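Read the structure below first, then the notes.
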Amino acid sequence: MKFEQTYIPYGGYWSTPFARWQGSLAQQHPIQLAAAITRSALAERGIDAKDFQALFLGTTVPSPQSFYGAPWLAGLIGNPDISGPTVMQACATSARIIADAAVEVDAASGVDCILAIAADRTSNGPHIYYPDASGPGGRGVTEDWVWDNFQNDPFAQAGPMAATAENVAEAEGISREEQDEVTLLRYEQYAADRTADGNGFLSRYLVPVELGDPSGRKVIGRLNDDEGIFPTTAEGLARMKPVRDGGTVTYGSQTHPADGNCGLVLAGRKRAREMSRDRSVEVQLLSFGQARVKAGFMPTAPVPAARAALAAAGLGIEDMAAVKTHNPFAVNDVYFSREFDLPLDSFNNHGSSLVFGHPQGPTGMRLLIELVEELAERGGGRGLFSGCAAGDTGAALVVKVDCGGR
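Using our numbering, read the sequence shown as starting at 321 and increasing by one per residue.
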């Protein structure tokens, strides 16, 4: 899917820090928290919520009253006159809402300014009861939305998601040592530009979260940085036991569930320029691609998804100045590296979701935001984001950053 008229205002995006599962954001309602963060982020950027003609919400874990989705969120941020879809496509949710919004902007239908928000809380996920009058004694069926779905794909029947990484490791001859090597590398990339007083590169887009008490009336703390980062060493990784007996994937070489939210503005060229923090920097969305692979081989999906997005843009991997991947398993990046003949240290230069965690819906948007900032840091160029998603699927986006006006 190719785009020609969709732009992202430079700086017209943000992400909360990602908080570990059952951590600092576990008691925060994901949509209400996203609304509070969005109001603050828009005010700081001088953007009026009334400028948006639609709001696209991506969320994958139900929360109280999330039935009302995007219209509720639009009202909470101060624009009750707009609406839009609420989208759930597992870990590809961010890429999908960005692509869907771009389709609308590109159509030149009069809608040329859309806000995309991705918000999830994997902590305290719902425990669902499905009535079934035909069951024994009329007993229904129960499901823990987050945990049970992490453990099994009903189509692939591959078992826990980590089993898909084991399948790829076995089929492709990816060793435990290679997985530990890339895990350590991603941690070192993430930690390399951390500063004594905070976030380094991350300060370009991370916004702090004020933590309220259960009543929502009292501030009891502040989350300024990612929570749940595990200090990583080669020796520590080597000591970890595989998740599965006889396997190669450890808790060190896979990501951790998290909570957080992100926001991103998509607009026509003129509007995007007006809303940019730096009008000398132009960010254009070029294409979207998706793919589905062999059942039970989810970590391979970012490769065909990336190829689809690159083909739609008329570009090759050699044209990419920067590459970001959503890699819930180290296996993902080893496979990606081999398929594209990319050195492991040539992509995910500021770390990745393998290190800072995975709230599902927002993960891809944060990585796209990082991609834009990395390209701007490099002086411009084209970049690729690609990641896997539940159901053995993948999604990818290609962007171009032009810093010619600087």
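By construction, the Cβ of each residue, glycine as well, lies at the ideal position given by its N, Cα and C atoms. This one's a predicted model, so the numbers in the text were calculated from it and none came from an experiment.
Taking residue i as the reference, which of the options has the closest Cα?
| i | options | result |
| --- | --- | --- |
| TYR510 | LEU695, LEU717, GLU690 | GLU690 |
| GLU324 | VAL502, LEU606, ASP468, GLY681 | LEU606 |
| GLN385 | SER414, GLN352, THR413 | GLN352 |
| ALA716 | PRO446, LEU345, PRO682, GLN610 | GLN610 |
| THR508 | THR713, TYR333, PHE676 | Residue identity differs from the one stated: residue 508 is Glu in this sequence, not Thr. The residue with the shortest Cα to Cα distance from GLU508 is PHE676. |
| VAL603 | ALA615, GLY616, GLY588, ARG612 | GLY588 |
| VAL502 | ALA554, LEU526, ARG459 | ALA554 |
| PHE660 | ILE637, SER672, ALA390 | ILE637 |
| GLY580 | PHE667, GLU486, HIS349, ALA491 | HIS349 |
| ALA642 | PRO682, LEU695, ALA629 | LEU695 |
| ILE730 | VAL721, ARG441, GLY460 | Residue 730 falls outside the range modelled here, since the chain spans only 321 to 726, and no answer is possible. |
| PRO342 | LEU393, ASP440, THR406 | Rather than Pro, the amino acid found at residue 342 in this sequence is Gln. Residue ASP440 is the option with its Cα nearest to GLN342. |
| LEU345 | GLY398, LEU362, ARG524, ASP545 | ASP545 |
| ILE367 | ARG591, LEU674, MET640 | ARG591 |
| TRP467 | VAL431, PRO405, ALA482 | ALA482 |
| ALA369 | GLY520, ALA394, GLN347, VAL381 | ALA394 |
| GLY479 | ALA710, ASP432, VAL721 | ALA710 |
| ARG340 | PRO382, ILE437, ALA578 | ALA578 |
| ILE418 | VAL529, MET685, ARG698, ASP722 | MET685 |
Residue i: buried (16+ other C-beta within 10 angstroms of its C-beta) or exposed?
| i | result |
| --- | --- |
| PRO728 | Since the displayed the chain opens at 321 and closes at 726, residue 728 lies outside it and no answer follows. |
| ILE540 | exposed |
| THR269 | The shown model of the chain, from 321 to 726, leaves out residue 269, and the question about it has no answer. |
| ALA491 | exposed |
| HIS670 | buried |
| ILE494 | buried |
| THR683 | buried |
| ARG597 | exposed |
| GLY430 | exposed |
| LYS644 | buried |
| ALA363 | exposed |
Please report the straight-line C-alpha distance between residue i and residue j, rounded to a whole angstrom.
| i | j | result |
| --- | --- | --- |
| LEU282 | MET560 | Nothing in the structure corresponds to residue 282, since the chain is present only between 321 and 726. |
| SER443 | PRO329 | 32 angstroms |
| GLY548 | VAL585 | 28 angstroms |
| VAL423 | ALA453 | 43 angstroms |
| ARG564 | ASN652 | 18 angstroms |
| ALA516 | ALA410 | Because the pLDDT at ALA516 is just 48, under 50, the model does not fix this residue reliably, and the point stays unresolved. |
| THR552 | SER573 | 10 angstroms |
| PRO337 | LEU543 | 7 angstroms |
| ASP401 | ASP500 | 50 angstroms |
| SER334 | SER360 | The residue you asked about is not Ser; residue 334 is Trp in the sequence shown. Rounded to the nearest angstrom, the two C-alpha atoms are 10 angstroms apart. |
| PHE608 | LYS322 | 7 angstroms |
| TYR327 | PHE649 | 31 angstroms |
| ARG524 | PRO624 | 30 angstroms |
| ILE357 | VAL569 | 36 angstroms |
| ASP513 | LEU522 | 9 angstroms |
| ALA354 | GLN680 | 15 angstroms |
| VAL692 | ASP665 | 19 angstroms |
| VAL719 | ASN668 | 16 angstroms |
| ASN647 | GLY707 | 7 angstroms |
| GLY331 | ALA558 | 40 angstroms |
Should residue i be listed as close to the ligand FAD, given that the test is whether its C-beta is under 7 angstroms from any heavy atom?
| i | result |
| --- | --- |
| ALA339 | Absent from the structure shown: the ligand FAD. Ligands present: none. |
Practice task
Kindly confirm or deny that the stretch 623-638 and the stretch 469-479 touch, where touching means at least three C-beta pairs closer than 8 angstroms.
Solution key: no
Problem - Whole beta strand (DSSP E) elements within the stretch 683-726, 3-residue minimum - result: 700-709, 713-722
Problem - Contact the stretch 394-408 vs the stretch 695-707: 3+ CB pairs below 8 angstroms - result: no
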